[in-house]
Amino acid sequence: MKVLIITVGAQGSGKSYTIKKAKLDNYSVSSDNMRILYSGIFPDGYNGIGISENDNSYIWNNLILSILENRFRLGQFTILDSTGLFNLKSITDLAKKYGYRIAAVLFDNVSLKECIDNVRKREIGSNIPKEVIENFFMRMKSFKLSGANIFKASDYGSAETALIEASKWDSFYLNKTEFEKYDNIKVIPDLHGEYDVFKKFIEKENYFQDKKIAYIFVGDLIDRGSKSKELLDYFLNNDISDNVYFTEGNHDINLNFFANDIKVTSQDFYKTTYKEIKKSFTITKQIKDDSNNIIEEKILNESELNNYKKKIRNFYKKFRLYYFFTFKGKKFFINHSGIDKMYDHIPASLLNGIITYGYKEDDNSYKSYIEVGNRFKENHNDIIQIFGHRNVLQEELEDKLCKINDNAYCIENSVEYGNDLIILNLKDLYIESYKNDREIENILDKEKTDDNLVRYKYYDTVYSTNFSDRVFYKRLWNEQTIKARGLYRYNETNEIAGRSYDKFFNYDEVNETKLKSLEKNIEFPVSVYKKYNGYLFLVFLDKTRDELIFATKSSIDTKMTSWAESLLTEENKNFIKEYCKKNNTTFVFECIHLKDSSHPIVYDESFLVLLDIIYNEENFRKLSYEELSGKEITEQFKIKEKIEILEAPKDNKYIEEMINKYTDDFSIDYEGVVFEDSKGFMVKVKCPFYIIKKALRSESMRLNRLSYSLNIHYPNQYVIFTGNKIFLKYKRENKLKEWRSLQVSEVLETYNEVLSELNNK
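Under full-length UniProt numbering, the sequence shown has 190 at position 190, and the numbering climbs by one with no breaks.
What follows is the structure in structure tokens.
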């Protein structure tokens, strides 16, 4: 079920051996095995054979993470067989999103000498340096993992015992006390968004106020029906008491994925629940585009939607895979989809209905509820199983309603298709019914959603999101507007098709980029990259058509995308297409083109610079500079220039000095630099020449209402003095329209004049 065990121990501590000895190797994902499969083994130069480490980053960030996520989707019991001392956060964060419990088994009962001796006896990888093993060994002694239960081999007498104890988390647990306090338990079937008939039930039950009655939902609260959001809102907006229990169904999982920004593939969700949710946060505006055509602008309140997702995440904590308990002398097992046997380490997907047991065993996909019930009775004749999920033909059942046999009940009754709501009372195993007044009608497509902070543009297969002008000028930055920049999603699935950077800011522009904040939070080493003055050009693969899409931050098929595309050869395009197929990424370029005369920095030729290759994921992740600099990529493209690497600070003034190096240099003839620290935090620093020329450009556009000085906000006051001196000269000589002709030499000369004038005062 939903349990992840992480082994923690130095090389040679016996992790893989113990997993195999405990007969749990079929549930294991081994980092060493992945490295051998992907990169192979090679002579290590010391008369031994070693595992290649050339592709470690790709293997961990792509193969292993992808394998783990697929297992998490299926609810597979999983053991991660690695040292467990590095790169755990992305894995544990992902596991928690999928509702996994996490345990760590520490192999702390083996001495350092034993670890080294064990490594030396290996057929493969016997020459791992002693200091590497020592490093891992010492790290294990201070190991901590937030939110995980720790099982130490030293506490259990052996690593095998500790591992087996941890694995017991994945066994069915019989609760003999919690449900005995109730006089009755009412089991509610799949509601599928049918709020009106559900409302009849809760009104009769006085909204669950009778604490002597328990209410257990078997799952699938949403999708297909007419009022999924209204039903959901009842639970989100009311204080749900402890006598109400929720079972996870396959449609409920869509809700959890949506709330955690995990890809949802269900069309039922997109056609009903998703549209209802988004519509409630949406308005549609009609505006004129550059060609004076009237187009619809979709504006989505991402901030409010995010708050709604947070409510869903909190609500979803109430959901369980199953309830196995005693009540009035009987054992009851309640889950969503029904199983034939209560196996140890059964995949959660068989309980919540992502995979339906018996799906292909008869012509009617779900008719195998009879077989499930009969096999369950054979295997567990002392337990009564109750489930939903499977559409039933009531004429085939014992009570012509929901009873398969004395040990199995399927209470799914298709309320979303107009049938009555039935409730199973466990006190006497009787049914109560509520008439469904819904008239079945075609569900019309509803409008896609909007917000007043984020703008949408819709194309054939994708749509773009970008923050609105209001966000930019009013500084309305939040988690949503920062991400709404150069982001493209598929129309049908909302999956990311292509993406650029999250919005990042100039030095001193927001609180996070002010000097005191940088001094407190920036982590070294810091890489410094040249910032080019063009426009962003994105290239990504449309998987629905197997074609490349060429885009700017918000648009496709514009003159700017055509200019940029013309700078790519067919070989370049083929390379990008194959790379994106393999890695699900977006190529992010800076395009400098001679036809683009809007930028302050003037170049003498058109060219593209590959800034980064970004993974098409919700949370920003990109190739490292070392990966970007690989021969395979640099043979195809010019990549961004790394100017320098700044190591650990020498003193308290170091960060200020590293910034001033660029804010004080009037001889730099490019836009500026981007500082990127070791954890990926980025901040832009614009250089004096660019700042002055950009301000001069702004004044050239308002010739009939000129200012008395340039609008410059910059930490170096000499930039302001120099800029104003140049502005007054251009204004006096009526040369403002010639702002592009300003050269860095003229700026440097004027700066020296300013210094001389100030020194002579």
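We treat Cβ as the ideally placed atom computed from N, Cα and C, and that holds for glycine.
Whole angstroms is fine: what's the gap from residue i's alpha carbon to residue j's?
| i | j | result |
| --- | --- | --- |
| V372 | I339 | 6 Å |
| Y98 | R73 | 7 Å |
| F327 | F179 | 6 Å |
| N660 | K638 | 28 Å |
| Y369 | L24 | 31 Å |
| E749 | R697 | 20 Å |
| M560 | K311 | 41 Å |
| G50 | D32 | 11 Å |
| D557 | V244 | 53 Å |
| S57 | M1 | 29 Å |
| S667 | F589 | 26 Å |
| N250 | S598 | 52 Å |
| A348 | L321 | 7 Å |
| E753 | S741 | 20 Å |
| N413 | I262 | 30 Å |
| K330 | I431 | 18 Å |
| K582 | E395 | 51 Å |
| E671 | K640 | 13 Å |
| A497 | Y615 | 10 Å |
Could you spell out the range, first to last residue, of the beta strand (DSSP E) harbouring residue i?
| i | result |
| --- | --- |
| P688 | Here P688 belongs to no beta strand (DSSP E); instead the alpha helix (DSSP H) covers P688 to S700. |
| residue 766 | Outside the shown range of the chain (1 to 761) lies residue 766, about which nothing can therefore be said. |
| I645 | K642 to L646 |
| F145 | For the sequence presented, residue 145 should be read as Leu rather than Phe. Unbroken run through L145: none, as it is neither H nor E. |
Quick one: what's got a C-beta closer than 6 Å to residue i's C-beta in the same chain, skipping five residues either side?
| i | result |
| --- | --- |
| S464 | K457, Y488 and S554 |
| D210 | none |
| R313 | A259 |
| D677 | I522, E523 and V526 |
| Q743 | none |
| S228 | G193, I222, T272, T273 and E276 |
Near residue i, what residues of its chain come up, given a Cβ to Cβ distance below 7 Å and the 5 sequence neighbours on each side ignored?
| i | result |
| --- | --- |
| E519 | I655 |
| D664 | N716 |
| L232 | L221 and I222 |
| residue 841 | Coverage of the chain is limited to positions 1 through 761, which leaves residue 841 absent and any answer about it impossible. |
| S606 | L567, I592, H593 and L594 |
| T513 | F505, N506, Y507 and V683 |
Suppose the cutoff is 8 Å on Cβ atoms and the five residues either side in sequence are ignored; what does the same chain contact list for residue i look like?
| i | result |
| --- | --- |
| D437 | D196 and V197 |
| K21 | E160 |
| D289 | I295 |
| G147 | T92, K96 and I102 |
| V29 | I64, I67, L68, R71, T78, I79, L80 and D81 |
| F235 | L221 and F315 |
What residue does the alpha helix (DSSP H) around residue i start on, and which one ends it?
| i | result |
| --- | --- |
| V132 | K130 to K141 |
| T92 | K89 to K97 |
| A259 | N250 to A259 |
| Q717 | Q717 to R732 |
| S368 | No alpha helix (DSSP H) holds S368; DSSP gives it neither H nor E. |
| K737 | Segment: none, K737 is in no alpha helix (DSSP H) and carries neither H nor E. |
| K15 | K15 to K21 |
| N306 | E302 to Y316 |
| Y662 | Y654 to T663 |
According to DSSP, residue i sits in a beta bridge with which residue or residues?
| i | result |
| --- | --- |
| A551 | L538 and I556 |
| I383 | K331 |
| V609 | E590 |
| I496 | R489 |
| K285 | E297 |
| T465 | Y456 and L487 |
| L80 | I6 and V29 |
| N175 | F325 |
| E676 | S527 and M682 |
| L421 | Y434 |
Would you kindly check if the distance between the Cβ of residue j and the Cβ of residue i is under 8 Å?
| i | j | result |
| --- | --- | --- |
| Y434 | L421 | yes |
| L305 | F281 | yes |
| I6 | L63 | no |
| I712 | I691 | yes |
| I41 | I124 | yes |
| E565 | F550 | yes |
| Y535 | C591 | yes |
| N135 | G12 | no |
| R120 | S111 | no |
| L163 | T18 | yes |
| E248 | G225 | no |
| H336 | D170 | no |
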